[in-house]
Each structure stands twice: as structure tokens, then as C-alpha cells.
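Under my numbering, the residue at position 154 of the sequence shown is numbered 1416, and the numbers go up by one with no gaps. A virtual CB, placed ideally from N, CA and C, is assigned to each residue, including glycine. The structure presented is a predicted model; accordingly, all values stated were derived computationally and were not measured. Let me begin by presenting the structure, written as C-alpha cells, before commenting on it.
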Amino acid sequence: MTPASGSVIIAAHNEEALIERCLESLTAAIAEGVQVVVVCNGCTDRTAELARNHAGVSVVELAVASKVAALRVGDQLVNGGVRIYLDADVVMTSRAVHDVLSALNGGHFAGRPPVRFDYAGAAFAVRRWYTVRERLPSIQEALWGAGCYALSPLGRERFEEFPDVISDDLFIDSLFGPTERTIVSTDPVVVTTPRVTADLVRILQRSYRSQREVREGRGVSDEQRGQLRDIAALLRRRPQQLGDVIIYVLIILYSRLRARSRRPVGWERDNSSRSVPRVD
């Protein structure tokens, strides 16, 4: 098995503003033989059409708008080897693809590249929130929250098919211990953050509901305890960030409260970052 052998599965729902940016960054990886499959689920825009314009990309369309269904279909279409699951609104370089495939072919069960949050042009509260988030090791070392994770063949054997949960990355993260996953030293994936605070709250609500699904009855998670320790350590190192930490905690508490008190209406996602695509 060559270091480049593997696949990238992209579940896409109405991503015409960003799908080309995502696929263009994978051009060199496709030329090296990496299989890229885009599963358009419930799209009512030009996502599938634009994806088909990229040579070497396989495109499948599903009538239902369901990320879980798209991931299940993507799993059936790839040829085996290491699988990278990539959100359509995230940019991953071909170098990062190559390095992640190499790392997981080398023995790790699961992993991902580092993550960089692009919050240029976002609202003040959003910028301050991500300034704290990017400095918390317990989050930077987890598989969830980066819009990308990868599984080796042995890692993929940990479960039969993707369950009906809101956050697939949180479910995957729960399957592996710290010694079984790796953050590969390579180009970071670039996650474009919400531009307005209301959209940040919306995606956090969705995440917290999923945490209850995945971790029902487990009490405070190791990740939550780690995040509290990280925040305390951050304030000791950088007391000048107290204001940022207050914003971070208040947005989390408000989002958790809304997640418990409000029923979801459709798929809650950030639309503000999709209104005007940004190019690095």
C-alpha cells in the first residue's frame, strides 16, 4: 500500500458557494491516486454540478438531506484503505491528505491535521471566542470540531455504520483513546468560522445536543474537565485574556441553555460564512 492510497469522503448539502474551493485544494492528491467521493444530500443548488466539473471526483446525489446517510453511502463507494471524512466547507491541502494517509497507514487508528480557524471579518464576540478556543489543548488534540477526521481500516472496524447522531465527529472521537489517535504534523485544515454571533450559537446548540446523545449518562466528560483545566491555565499564562474568557464562557452557557430548552428546527448550521466565500 503506497502512502497516497486512501480516499476522501465529502458529505455536501447545498454547498455551491464553497465546494469548488474544497475540491481545488485536493487536485494534487487526486492526481496521486487518492479517491475523492462527494455525496450530495438533499441539494437544491448547483453543488453536484460544480463538483462534477472537477476531474477525478466521483459525485453521488441523494434525495434526502442527511449527513449520516451521505457518510454511509460514501463508505460503500470507496475502495478501502484509510478514509478521510471532510466537510465540504473546510479546506484541506493535498499535502495534508498525503501526510494523514501516511500516518494512518503507519499504525494509528484515527487522526486529523491541525486546525486553523479563519475568523477574519467576523463579529467581535466571534473573534474573541475563537481566540480562546484555539488556545485550548484539550480541544486542539480531539478529533471533533475540525471539520475533518480520518480512520485507518482497523479504526473503521470500531463500528458498523454511522449512527443517527447529530455530530459524527464527536461520535468518532468517543471511540478512541488518546494513544489511539494522532494530530498529524502537516498543513492545518482551515475552518471558516461564523461571521455573526447568532450563527455561532446555532452550531454550538447542535453540538451540545449531540453531546447528550453520544455521552448520555456519563456525567462530566474528560474533554469538559480538560477544557476547564485549559481555561484556568490560559488565565494564569495570559491574564489579559480574562475578557475573552468571559465571552467564551457566556456564549457556551447561553448555547447550552438554548440546546436544552429549544427544539431544533431543521439542520442548524452557519450560513453567514457561506454568504461570501473567502479565499486564502
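Contact under 8 Å by Cβ, residue i with residue j
i, j, result
"V1221", "V1451", "The question about residue 1221 has no answer, for the chain in this structure spans 1263 to 1542."
"V1359", "G1373", "no"
"F1371", "L1416", "yes"
"V1458", "A1385", "yes"
"A1290", "V1300", "no"
"Y1510", "W1406", "no"
"F1433", "P1440", "no"
"V1388", "L1504", "no"
"Y1347", "C1410", "yes"
"I1271", "G1336", "yes"
"I1493", "L1398", "yes"
"L1366", "S1328", "no"
"Q1489", "S1364", "no"
Residue environment, residue i, which counts as buried when at least 16 other CB atoms sit within 10 Å
i, result
"Q1502", "exposed"
"R1491", "exposed"
"Q1338", "exposed"
"V1482", "Reliability of the predicted coordinates at V1482 is poor, the pLDDT of 49 falling under 50, and the value obtained from them is presented with this limitation in mind. Exposed, because fewer than 16 other Cβ atoms sit within 10 Å of the Cβ of V1482."
"F1548", "Here the chain has residues from 1263 to 1542 only, and residue 1548 is not among them."
"F1421", "exposed"
"A1495", "exposed"
"S1523", "exposed"
"G1295", "exposed"
"A1460", "exposed"
Which listed residue (the options) has its alpha carbon closest to that of residue i
i, options, result
"D1544", "A1325, G1488, Y1510 and P1456", "What the structure shows of the chain is the stretch from 1263 to 1542, and residue 1544 is not part of that stretch, so it cannot be assessed."
"T1454", "V1301, G1318 and V1353", "V1353"
"V1326", "R1314, H1316, N1303 and L1312", "N1303"
"L1497", "A1317, G1488 and V1507", "V1507"
"H1316", "E1282, G1295 and L1515", "E1282"
"V1321", "G1368, R1464 and A1350", "A1350"
"T1444", "G1369, E1323 and E1294", "G1369"
"R1418", "A1495, L1515 and E1442", "E1442"
"T1393", "Y1516, A1412 and R1500", "R1500"
"L1324", "I1292, R1357, A1273 and A1460", "A1273"
"P1375", "G1295, E1396, A1460 and V1446", "V1446"
Chain-order list of residues whose beta-carbon lies under 7 Å from that of residue i (same chain, five-residue window excluded)
i, result
"N1276", "C1305, T1306, D1307 and T1309"
"T1355", "S1287 and D1449"
"R1518", "Y1470"
"R1357", "T1448 and D1449"
"R1480", "Confidence in R1480 is poor, its pLDDT being 48 and thus under 50, which makes the residue's placement unreliable; the coordinate value appears in the next sentence. Cβ within range, chain order: n/a, list empty."
"A1408", "R1374, V1377, V1451 and V1453"
Neighbourhood of residue i by C-beta distance below 6 Å, restricted to the same chain and skipping five residues each side
i, result
"S1267", "G1343"
"S1269", "Q1297, V1340 and R1345"
"A1521", "Q1467, Y1470 and R1471"
"E1396", "F1379"
"I1292", "V1298 and G1318"
Contact set for residue i: own chain, Cβ-Cβ below 8 Å, skip 5 residues either direction
i, result
"D1430", "K1329, V1330, L1333, Y1347 and F1424"
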